[in-house]
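Protein sequence lines, in the order shown, are assigned to chains A and B.
For the record, in the first sequence the residue sitting at position 85 is 84 according to numbering that gives the first Met the number 0, with numbers rising by one throughout.
For the record, in the second sequence the residue sitting at position 86 is 85 according to numbering that gives the first Met the number 0, with numbers rising by one throughout.
Using N, Cα and C, we set each Cβ at its ideal position, and we do this for glycine too.
Number of protein chains: 2
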Amino acid sequence: MSSYHPPREELALPAVLHALSDPQRLRIVRELSLDPEPRPCGSFLLDVSKSTKTHHFRVLREAGMITQREVGTSKLTSLRREDLDQRFPGLLDAVLASAETPVAVPA
Amino acid sequence: MSSYHPPREELALPAVLHALSDPQRLRIVRELSLDPEPRPCGSFLLDVSKSTKTHHFRVLREAGMITQREVGTSKLTSLRREDLDQRFPGLLDAVLASAETPVAVPA
DNA sequence: CACGTTGTTTGATGATCGTCGTACAATTGA
DNA sequence: TCAATTGTACGACGATCATCAAACAACGTG
Numbered sequence: 000m001s002s003y004h005p006p007r008e009e010l011a012l013p014a015v016l017h018a019l020s021d022p023q024r025l026r027i028v029r030e031l032s033l034d035p036e037p038r039p040c041g042s043f044l045l046d047v048s049k050s051t052k053t054h055h056f057r058v059l060r061e062a063g064m065i066t067q068r069e070v071g072t073s074k075l076t077s078l079r080r081e082d083l084d085q086r087f088p089g090l091l092d093a094v095l096a097s098a099e100t101p102v103a104v105p106a
Numbered sequence: 000m001s002s003y004h005p006p007r008e009e010l011a012l013p014a015v016l017h018a019l020s021d022p023q024r025l026r027i028v029r030e031l032s033l034d035p036e037p038r039p040c041g042s043f044l045l046d047v048s049k050s051t052k053t054h055h056f057r058v059l060r061e062a063g064m065i066t067q068r069e070v071g072t073s074k075l076t077s078l079r080r081e082d083l084d085q086r087f088p089g090l091l092d093a094v095l096a097s098a099e100t101p102v103a104v105p106a
């Protein structure tokens, strides 16, 4: 019962951009890029419920941005950096760099 | 009755990524980047209705990706490349380069 | 075995999205 | 002045989205 991971050639730009356009998911990707060690979903500090977390990880996986590998009761998540870099060179880095820029608060 | 254009400092990454995650809007941005000359909305060949076109241009404008300047009955649209490049360096170029890669069709 | 941990599934809710057609407004040109 | 052009406004529609709680499943440990 392993979940679907799209092969590299099928990664679609709109899906990737949509996956990255949610703040929670952007945070997940960001954390994963800072610490590339595969981590269980639960180790990500998001202020959403468990089921919402599951939802976001599915969106990221189906967009081809992460891999999820079952180990015991956990599911180790890692970033598909190589696939992303090959398919969309420079994109992930640009997004991650942009994500570090603080958002200006309107006065 | 001029429409709202967010100042550069307020451009938000999620909004920009969301704006780019729609194929029609991505096409608009792509055409604008190839031909930076300000163009009326109607000159973009999208297979959607007039009102849908208006909608997409509004999303792009409110995300801070384009400027719209009224000239007669037309509205000249141009890409806010400088603002985007300053706020999110490399992002637009990476997206545009990625957009040129053909999407693989599943067998 | 029983319990805690980890994550999924299901069903629901309210919001947003992409799309359309119709009607309208404003400008240009005959 | 009348008509064509260019774009917006207004609903409306079905689809998708982000979110939640509750129930469930699988694994590990006491």
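For threonine 100 of chain A, the nearest CB of chain B lies under 8 Å from its own CB, placing it at the interface with that chain. For glutamate 30 of chain A, the enclosing alpha helix (DSSP H) starts and ends at 22–33. Contact annotation for alanine 96 of chain B against chain A: Phe87, Pro88, Gly89, Leu90 [CB-CB distance below 9 Å, chain order]. Leucine 33 of chain B is classed as exposed because its beta carbon has fewer than 16 other beta carbons within 10 Å across all chains shown.
DSSP, reduced to helix, strand and coil, places threonine 100 of chain A outside both helices and strands of the structure shown, so it counts as coil. In terms of beta-carbon proximity, serine 20 of chain B lines the interface with chain A, with at least one pair separated by less than 8 Å. By a beta-carbon distance limit of 8 Å, serine 77 of chain A contacts leucine 31 of chain A. Their separation comes to about 7 Å. Proline 88 of chain B and serine 97 of chain A have their C-alpha atoms some 7 Å from each other. According to the DSSP assignment, serine 50 of chain A belongs to the alpha helix (DSSP H) that extends over 49–61.
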